[in-house]
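Accompanying notes for the structure given below.
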Amino acid sequence: MKRVFCLGLLIFLSLSLICGSVVRSEQAGTIEEQRLKEIEKELAQNKQKLEKAKKEEQAVLGRLVVIKTELTKTKTNLNLTQNKITVNEKKIGTLASEIRELEQALSTKQSRLRQRLVEVYKNSSLNYFQLLLTAESMSDFFNRLYFFRKIVEFDSELMMAVRTDFQKSTQKKQLLQSKTKEIKSLAEEISQKKQEITKQASEKSQVYEQLKVRRKTYEAKIAELGKSSKDLEVLILKKAAGSRDGVVRGSGQLTWPLIGKITSRFGWRRHPLWGRRDFHTGVDIAAKYGTPIKAADSGEVIFAGWWDGYGKAIVINHGHSISTVYGHQSRLYKKVGDTVVKGQVIGLVGSTGYSTGPHLHFEVRLKGKPQDPMPYLPK
Numbered sequence: 001m002k003r004v005f006c007l008g009l010l011i012f013l014s015l016s017l018i019c020g021s022v023v024r025s026e027q028a029g030t031i032e033e034q035r036l037k038e039i040e041k042e043l044a045q046n047k048q049k050l051e052k053a054k055k056e057e058q059a060v061l062g063r064l065v066v067i068k069t070e071l072t073k074t075k076t077n078l079n080l081t082q083n084k085i086t087v088n089e090k091k092i093g094t095l096a097s098e099i100r101e102l103e104q105a106l107s108t109k110q111s112r113l114r115q116r117l118v119e120v121y122k123n124s125s126l127n128y129f130q131l132l133l134t135a136e137s138m139s140d141f142f143n144r145l146y147f148f149r150k151i152v153e154f155d156s157e158l159m160m161a162v163r164t165d166f167q168k169s170t171q172k173k174q175l176l177q178s179k180t181k182e183i184k185s186l187a188e189e190i191s192q193k194k195q196e197i198t199k200q201a202s203e204k205s206q207v208y209e210q211l212k213v214r215r216k217t218y219e220a221k222i223a224e225l226g227k228s229s230k231d232l233e234v235l236i237l238k239k240a241a242g243s244r245d246g247v248v249r250g251s252g253q254l255t256w257p258l259i260g261k262i263t264s265r266f267g268w269r270r271h272p273l274w275g276r277r278d279f280h281t282g283v284d285i286a287a288k289y290g291t292p293i294k295a296a297d298s299g300e301v302i303f304a305g306w307w308d309g310y311g312k313a314i315v316i317n318h319g320h321s322i323s324t325v326y327g328h329q330s331r332l333y334k335k336v337g338d339t340v341v342k343g344q345v346i347g348l349v350g351s352t353g354y355s356t357g358p359h360l361h362f363e364v365r366l367k368g369k370p371q372d373p374m375p376y377l378p379k
């Protein structure tokens, strides 16, 4: 009787341990799923913040382009104005030299004219009758008359020359004043443009610093989300390993998830958003919003949701240690645990996550590591 009791107690304890293990396993699975949901929620929130920051960065870049254009235009105008000043300075120098020469010639002629006026004044009583009366002969009279007329003509020409030189000197002085005024105006203009350039350069520097700060913020956020992505990748691989026995295995020969132009291939490239070199882990296939995306091979969906820069994404385990990733979708038609067959529509093309426009980011992974998809796809 005692032996039967002990045997019953042993069976009861064994069952309790088994049930406890199952409960803990179920609880662990629930915690894992809850953590996955929290990561997806956090990534979705960060996505919204980054989308807003990305738009702000585009606005800053646009302003920077405008400032550069304005700066280039202002510098060009500054050079033109400086050239005008140089040309006018040369003209002013030439005018000043010409005015000095005119004033010297005018001074000489004015002196000669004053002497002639004095002589004329002293001999003002001289007339034709005196010339006639004092002449020794008619021939002498006409000779005296001829020379008298020549003196008058000379005096007239001298007066005309003095008047002409005076007018030229006055005109050149007026032109000199005009050029001096113009050069003063140009100097003020060039001073104003220099101030504009200084202001624009300062603004450009501020915008550039803002851009650098934003870029560092992006990089920090990318690093932070990258860690979440890695954690999520580990979680996905664990799920793939856990479902290995029951997974629907594909043929191993993939087909194109959609037909379109490849805009970015596998390997190193300059990121279209961040402008820095990074390793592209798949291929980008251009397509319109809402274009159906098909499973590249049969398998089991081991991830469906938001995945960092991939946006809305689906991961399919095809067995043979091969999985495929479909990123930036606008809508997901499958959930975790769903079985898909090759060519079945799993979602629609979008531009979620880190994306510059509608396209499909397609990856092939071998044991969780990204591979060049091209050798796996039909030519």
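Under full-length UniProt numbering, the sequence shown has 88 at position 88, and the numbering climbs by one with no breaks. Even for Gly, the Cβ is constructed at its ideal location relative to N, Cα and C.
For Arg365, the enclosing beta strand (DSSP E) covers residues 359-366. Note: Asn317 is bridge-paired with Glu300, Ser323 in the DSSP secondary-structure output.
Within a 10 Å sphere around the beta-carbon of Arg163 sit fewer than 16 other beta-carbons, which makes this residue exposed.
For Lys312, the closest C-alpha among the options Tyr354, Lys212, Glu182, Ala287 is that of Tyr354. For a cut-off of 8 Å, the C-beta gap from Ser323 to Ile316 is around 6 Å, short enough to register as a contact. Across the structure, Lys168 and Glu101 are spaced so that their CA atoms are roughly 11 Å apart. A Cβ-Cβ distance of about 4 Å is found for the pair Gly260 and Ile285, placing them in contact under the 8 Å criterion. With contacts defined as CB atoms closer than 7 Å, Lys84 and Leu175 fail to qualify as a contacting pair.
Residue pairing for His280: DSSP places it in a beta bridge opposite Gly267. Taken atom to atom, the span from the alpha-carbon of Gln171 to that of Leu71 is near 40 Å. With fewer than 16 neighbouring CB atoms inside 10 Å of its own CB, Pro378 falls in the exposed class. Between Gly343 and the set Ser251, Phe279, Lys369, the nearest pair of CA atoms involves Ser251. Within the model, the alpha-carbon separation for Ile197 versus Gly368 is close to 54 Å. The beta-bridge partner set that DSSP reports for Pro370 consists of Arg365. Per DSSP, the continuous beta strand (DSSP E) segment holding Leu348 begins and ends at 345-349. The beta carbon of Val364 is closer than 6 Å to those of Thr324, Gln371, Pro373, Tyr376 in its chain, skipping five residues each way along the sequence. Rounded to the nearest whole angstrom, the CA to CA distance from Thr94 to Lys179 is 11 Å. If you draw a 10 Å sphere on the C-beta of Leu254, you find 16 or more other C-beta atoms in it, and that means buried. Excluding residues up to 5 positions away in sequence, Val301 lie with their Cβ nearer than 6 Å to the Cβ of Asp338 in the same chain. Secondary structure at Ser355: coil, using DSSP grouped into helix, strand and coil.
Looking at the DSSP output, Ala286 sits in a beta bridge with His359. The C-alpha of Val345 lies about 22 Å from the C-alpha of Thr263. If you draw a straight line from the Cα of Ala295 to the Cα of Leu348, it is about 12 Å long.
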